[in-house]
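>
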Amino acid sequence: MSPTAVTPSAADRSAGLAELLAACVSDPARVSTEVPRRVAAAHDASPYLFTPQAVVRAASAAEVGALMAGARKAGLPLTLRSGGTSLAGQASGDGILVDVRSHWRTAAVLDDGLRIRLQPGLTVRQANARLARYGRRLGPDPASESACTIGGLVANNSSGMNCGTQDNAYRTMESLQFVLPSGTVVDTAAPDADEALRAREPELHAGLLRLRDRVRDSAGSRATVERLFAMKNTMGYGLNSFLDHSDPADMLAHLMIGSEGTLGFVGEAVFRTVPLLPHTATGLLVLPGLAEATDALPALLAAGARTAELLDAASLRVAQQSPDPVDEVRGLRVERHAALLVEFAEDSAETLEERMAAAQPVLDRLPAVTGTALVRDPRVRARLWHLRKGLYTAVAGARRPGTTALLEDIAVPMERLTRTCEGLIGLFDRHGYQDAVIFGHARDGNLHFMLTQDFDSAPEIERYARFTDAMVDLVLDAGGTLKAEHGTGRAMAPFVRRQYGDELYDVMRELKQLCDPHGVLNPGVLLEDDPAAHLQSLKSVPEVDPAVDACVECGYCEPVCPTADATTTPRQRIALQREIALATAAGDDECRRALEADYTYAAVDSCAADSLCVTACPVTIDTGAVMKRLRAERHSATAQRAGNTTARHWGTAVKGVRVALNTAHVLPGPALRAATGAVRRLGAGELVPTWADDIPRGGPARPAPRQPVEPQAVFFAACIGSVFAPEGTTGGASAAFLRLCERAGVQVTVPAELAGLCCGTPWQSKGYTDGHRTMANRTLEALWTASDHGRLPVVCDASSCTHGLEQLPDTLPESDRARFASLRFVDSVAFTAEHLLPALPEPRRLSSLALHPTCSTVHLGIDGALRTVAAAVSEDVTVPDNWGCCAFAGDRGLLHPEITASATAAQAAEINAGTYDAYASCNRTCEMGMTRATGRPYRHVLELLDEATA
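In this text, residue positions in the sequence shown follow my numbering: the first is -9, and each later residue adds one.
(1) Is there contact between the stretch 280 to 289 and the stretch 420 to 437, where contact requires at least three CB pairs shorter than 8 Å?
(2) In this structure, what does DSSP give as the bridge partners for CYS786?
(3) Quick one: complete beta strand (DSSP E) runs, 3+ long, within the stretch 861 to 936?
(4) Counting pairs of beta carbons, one from the stretch 485 to 493 and one from the stretch 441 to 448, are three or more of them closer than 8 Å?
(5) Between which two residues does the alpha helix (DSSP H) harbouring VAL848 extend?
(6) Tell me whether VAL264 sits in a helix, a strand or coil according to DSSP, three-state version.
(7) Name, in chain order, the residues that DSSP records as bridge partners for TYR38.
(8) Mind the definition here: the stretch 831 to 843 touches the stretch 812 to 823 only if three or more C-beta pairs lie below 8 Å; say whether that holds.
(9) Pairing CB atoms from the stretch -1 to 15 with CB atoms from the stretch 44 to 63, are three or more of them under 8 Å?
(10) Would PRO552 pass as a contact of GLY851 if the rule is Cβ separation under 7 Å?
(11) Would you kindly work out how many angstroms separate the C-alpha atoms of ALA395 and ASP425, rounded to a whole number?
(12) In three-state terms, what does DSSP make of VAL45?
(13) Can you list, in chain order, the residues of its chain with a C-beta nearer than 7 Å to that of ARG206? Leave out the 5 residues immediately preceding and following it.
(14) Taking the alpha carbon of GLN43 as the point to measure from, which residue in ALA923, THR23 and PRO315 has its own alpha carbon closest?
(15) On the criterion of 16 or more Cβ atoms from any shown chain inside 10 Å, does GLU917 qualify as buried, or is it exposed?
(16) Looking at LEU441 and MET225, is the spacing between their C-beta atoms short of 7 Å?
(17) Answer yes or no: do LEU68 and SER36 have a C-beta to C-beta separation smaller than 7 Å?
(18) With the cut-off set at 7 Å, would you say VAL88 and VAL46 are in Cβ contact?
(19) Check each candidate in THR719, ARG345, ALA691 and GLN697 and name the one with the smallest Cα separation from ALA707.
(20) Along the chain, where does the beta strand (DSSP E) that runs through MET765 open and close?
(21) Looking only at DSSP bridge pairs, what is ASP1004 linked to?
(22) Is it buried or exposed for THR653, if we count other Cβ within 10 angstroms and need 16 for buried?
(23) Taking 7 Å as the threshold (C-beta atoms), are LEU566 and TYR546 in contact?
(24) Which ranges does the beta strand (DSSP E) cover as unbroken runs of at least 3 residues, wholly within the stretch 305 to 351, from first to last along the chain?
(25) Below 7 Å CB to CB, which residues in the same chain sit around SER92 once its five sequence neighbours on both sides are set aside?
(26) Going by the beta-carbon positions, is the gap between GLU336 and VAL260 smaller than 7 Å?
(27) Can you tell me the Cα-Cα spacing of LEU516 and VAL497, whole angstroms?
(28) Since HIS655 contacts ARG687 with CB under 8 Å, what's their CB separation in whole angstroms?
(29) First and last residue of the alpha helix (DSSP H) that includes ARG648?
(30) Using DSSP bridges, identify the partner residues of ALA259.
(31) Quick one: what's got a C-beta closer than 6 Å to VAL931's C-beta in the same chain, skipping five residues either side?
(32) Report yes or no: do three or more beta-carbon pairs, one from the stretch 132 to 141 and one from the stretch 563 to 580, lie closer than 8 Å?
(33) When you compare each of ALA940, ASP907 and THR939 to ASP929 by their alpha carbons, which one comes out closest?
(34) Touching or not, the stretch 262 to 277 and the stretch 368 to 377, by the rule of three or more beta carbon pairs under 8 Å?
(35) CB GLY925 to CB VAL609, shorter than 7 Å?
(36) Helix, strand or coil, according to DSSP, for THR443 in the structure here?
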């Protein structure tokens, strides 16, 4: 009798997989098979959901090659993920998900910006920031440039509003370094790249030559490829590579572009750049209908228009619902109207003037219903572009909770654009998509349409299937492509054969087999024979919290999140809430418990709550505020009373902390670390930090009261400058500001009650709502009186505290909020730039200064003022390319130092690679965080200005 086979348990399989993958990387900690990490990573910007069995953060091309071999051994698919902003499902898989963002963010500008070498984890915006100082940018200009990464730009052959087909990723790529599923690394920048490919991959090399000749020798295939790639086209593989290039290495490099992670991993790309055109003029041309709009395009483009964005009537109606619509649509009775957002751009003001003069006759002939004026004012231009870019926000934000926002794109020959738009509008009506809008890059015949869809019921999925089939018929009958920019993904993979025909589809299948014979990389993406695959594994979006239900999981928040590389991102914090709700509804208690246990630290406690996420979110979700609310909800009544008591006796509490810090500095460090560690283990982990030797001593007392005869402002010296001593012996930012005021002849009032006042941030951040309200009442009453009922501005010397003061009225009842509405809060940096600098002596300038703006300077909109003051102090001011929030967040960096270490790693490395005469910021705890990260003494910029003008 044969022994009974023993089937490994799920836990055993998970442990075995973790062990296998750990052997592929240098640090096993970068491998996770834990449920929360897998679930968090599963969510991307697409309507699909695949939960991976493992998540790995790869750090080198060799590791990626080893992971491909590991996936093959485990019999699992492997998906490469960078930004996760792709819309068609190409960034998700149910096997091994390899993160190629976290450790892949280096850039090298070459030839004074004419070229740039990039790794896949850098965003397009970050790359362009490095090029801007050379007057250059990348050719592709996707609307998602703040979040989409170079990896996705290559994988999807990104283009955008201005680049057309001539400046997309395919056309501007100079060379690639990529890893094949066999582990072979190919660098096409090497002069012997083709010979090396033939030596290491002879079958692939020969197969590429065979496919090249097969395509070239077929008149029908050539005609189809030339027709489709004359348009923007990201459907299927880039078969134009077989016509445009002859050597297999060059063909394969260009086939990698747009291959969506199915042929190999691109670890490095060199791009040729294009010039920035800083002089621009923009106009919104409202026309009677779609036909008139599309008829106007040839003449406008011939006149030199660089951009021509189409908006249909539904888009214009959405734009009219804005709280402050632009003049061109305000009061317009929209019927069948359409609009073109047109922009002219040149490298000089003179050339732009000439271009506009030449274009004026074309504009004059248009049947525009609200004029054809072109504007150059940046503020007006920004409003016009906000109308266009705000369509996604408006539709996605207003959708019914539980539905998904779908953004699709197609392209058709220009002469068929009007008919296609009208056909889409008819399909929306026929299939019940009343909220759908059409907009897009009209100059390229590239249309985007957006609709909202429920995927939680069979009838709704069937409705979506019928619409998709009809849309495919419409586009292909027009000779168009089903994907112009967003990639094939899973959404359109079942329709690739129909668009290209059997012959070219077989070429694609053979290409995939040559590169990935074991089918490891992203199966089901780009090529799929199941005609209903696009209707499977659709994402359920349960309602969890009105504050986050509008989230479309686009990932725009992730590049600005300081905890992205340490714990979770805002997208993942929301996704985990949804997963907890789904597990609860399904009765999966084991999964729910695992997710909830992890959520406490990974989402709530580790969040810096700096709310930079809201500045990037297209639907304005403030995940930081939600995390603060969750902290508040877990506090007991006793804890809330303690927080309130602290608020009522704040002056005494600050004195106590100062004494404690000064006492700590005379005690043995090891004993302090042991004592604070023990207190944290007893449950005070969110109140007491583990002692570290770099924690400053207690600071000076807050300034004494001042009551000048003719004050120009009220000075609110932040208590953080009293809690922590400054770097150096100048007395800190408060003393520096007061000396600068005296030097400039500006008198300020200091309230008598200042010692017991606070901006409220400590209570708000920790969720002590009763204490926050108590402090808000006390502080606002005192400042109301000191400011002569709002006549004088209130100036604060710490940017986070200025931001906190602005938010204080929100804690109060509406009646009190209205009473304090006239209070004006100004950061000391902005006040100095406007009122003190002009009256100060000429500063003695340093040669170089490293500057750290803060998350609060972003919220306050004073980055420009900060740079102005810094420029007064130093001839050369450097803000690191890798700048981001330091995540010190008051005491968060003390309580969870690993968060600040992760958030500051890249910018600290950049700072330490150079030398500077001084290091500055504008918030004491941020200065502490950056000093800890870099080992360099960061000080408030006003302290430096004080010394420079003394």
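The C-beta atom is built at its ideal place from N, Cα and C for all residues, glycine as well.
Quick answer:
(1) yes
(2) In the DSSP output, where bridge partners are listed per residue, CYS786 has PHE706 and ASP817.
(3) 864 to 868, 908 to 911 and 928 to 930
(4) no
(5) 845 to 850
(6) strand
(7) Answer is LEU528.
(8) no
(9) yes
(10) no
(11) 11 Å
(12) strand
(13) ARG212, PHE232 and LEU233
(14) THR23
(15) buried
(16) Contact: no.
(17) no
(18) yes
(19) ALA691
(20) It is not in any beta strand (DSSP E) - MET765 instead sits in the alpha helix (DSSP H) that spans 759 to 776.
(21) Outside the modelled stretch of the chain, which goes from -9 to 940, sits residue 1004, for which no answer is possible.
(22) By the Cβ-count criterion, THR653 is exposed, with fewer than 16 other Cβ atoms from all chains shown falling within 10 Å of its own Cβ.
(23) no
(24) Within the stretch 305 to 351, the runs of beta strand (DSSP E) that reach at least 3 residues and sit entirely inside it are, in chain order, 328 to 336.
(25) ARG47, GLY111 and ASP555
(26) No, the pair does not count as a contact, with Cβ atoms beyond the cut-off.
(27) 13 Å
(28) Indeed they touch by this definition, with Cβ atoms about 5 Å apart.
(29) 640 to 654
(30) LEU108 and LEU166
(31) Closer than 6 Å at the Cβ level, and outside the excluded window around VAL931, lie VAL859, ALA860, ALA910 and CYS912.
(32) no
(33) The amino acid at residue 929 is misidentified as Asp; the sequence shows Arg. With distances taken between Cα atoms, ARG929 lies closest to ASP907.
(34) yes
(35) Going by C-beta atoms, GLY925 is not nearer than 7 Å to VAL609.
(36) One detail in the question is off: residue 443 reads as Gln in this sequence, not Thr. Strand, per DSSP.
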